[in-house]
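Below: one structure, written as structure tokens.
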Amino acid sequence: MTTFFQQLFNAMALGGVYALVALGLTLVYGVMRVPNFAHGGLYMLGAYLTYASLTGLGIGYVPSLLLAAVGVALLAALMERVIFYPLRNAPHVSPMIAAIGVLFFLEAAVQLIWGPDFKQIPAPINGIVDIGGVIVTWQRLIIIAASVVVVVALNYFLKRTLTGATIEAMSQNREGARLVGINTNRVGALTFAISGLLAAAAAALIAPTLLVSPSMGEVMNLKVFAIIILGGMGSVPGAIVGAFLLAFAETFGGAYISLDFADVIGFAMLVVVLAIRPQGLFKRGT
-18 MTTFFQQLFN AMALGGVYAL VALGLTLVYG VMRVPNFAHG GLYMLGAYLT YASLTGLGIG
42 YVPSLLLAAV GVALLAALME RVIFYPLRNA PHVSPMIAAI GVLFFLEAAV QLIWGPDFKQ
102 IPAPINGIVD IGGVIVTWQR LIIIAASVVV VVALNYFLKR TLTGATIEAM SQNREGARLV
162 GINTNRVGAL TFAISGLLAA AAAALIAPTL LVSPSMGEVM NLKVFAIIIL GGMGSVPGAI
222 VGAFLLAFAE TFGGAYISLD FADVIGFAML VVVLAIRPQG LFKRGT
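Rendered as structure tokens:
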């Protein structure tokens, strides 16, 4: 049982990170109908900006996380204006190709600035916590707590604020939202900014538990696209449920079967679920 609860905490922390990244991608797809393949690049950039703030500016972990989140959010909004907005009436394949190009550009820029070597971000609080015999690092507890706070805050923003209501209205009917006076251009830029903020926050949270590299965004891209397909394209609850399903499959599969097959087990679960429900677990917009 100790091993079980140990892996449970690990899965909850990993699921929290997956959920933050997947929520950003889900919002962009739901509002803009753009499968943003550059999303993994924003995630990767968030980790590097956190590293740069810690080592270059010498500020603390929390200010570094906030600075990285704001910086990536602004970059994501600029990316929407400069790249995706001009392609709004282009064939669907054009934004996809453009997003892949942005991903490769971000990877090349990061390698040029920080080099191809792995980077290590120190944990803000060292040590472990013994919870009834289950050993958990402080960083994983921070990830779990922070991801819950962010998800709750995002839900409040979408459900309880006027700006959030405009995002939901646009996700349901873009043309209808425009006809009732919603500034669809502003909402599009804001949605990209929120997605960038979530991706960067997730990267900054998990970075102290792994090595930061320019290719980390590509791996995350594959996983979050699997998550939003599993949960239902454009569904916010589906993104959260899909994130934790994938995290639990990877964590417990790696612990009880083999670490070498952790990723395979997660994607095998995706195939099984989609074979039963091709539309995903939730409908879009739910």
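Each residue of the sequence shown is one higher than the one before, counting from -18 in the numbering used here. For every residue, glycine included, the Cβ atom is placed at its ideal position computed from N, Cα and C.
Taking C-beta separations shorter than 6 Å and ignoring five residues to either side along the sequence, the partners of G(-4) in its chain run A224, F225, A228, following chain order. Beta-bridge partners of K100 (DSSP): V193. Using a 10 angstroms sphere on the CB of S45, the tally of other CB atoms reaches 16 or more, which defines it as buried. Listed in chain order, the non-local C-beta contacts of I125 below 7 Å within the same chain comprise M(-7), A(-6), G(-3), local neighbours out to five positions each way being set aside. According to the DSSP assignment, T118 belongs to the beta strand (DSSP E) that extends over 115 to 118. Y24 places its beta carbon less than 7 Å from that of A184.
Around the CB of I175, 16 or more other CB atoms lie within 10 Å, so the residue is classed as buried.
Under the three-state reduction of DSSP output, V110 falls in the strand class. In the DSSP assignment, Q(-13) falls within the alpha helix (DSSP H) that extends over -17 to 13. Boundaries cannot be given for H73, as no alpha helix (DSSP H) includes it and DSSP labels it neither H nor E. In the DSSP assignment, L143 falls within the alpha helix (DSSP H) that extends over 143 to 153.
Contact check between the stretch 196 to 214 and the stretch 13 to 24: three or more CB pairs, one atom from each, fall below 8 Å, which counts as touching.
Spatial neighbours of A80 in its own chain (CB-CB distance under 6 Å, excluding positions within 5 residues in sequence) are listed in chain order as N17, F18, A19. When DSSP states are grouped into helix, strand and coil, Q260 belongs to the coil group. The beta carbon of A236 sits closer than 6 Å to the beta carbons of Q(-12) from its chain, once the five residues preceding and following it are set aside; these are given in chain order.
Residue state for M214 is assigned as coil, using DSSP reduced to three classes.
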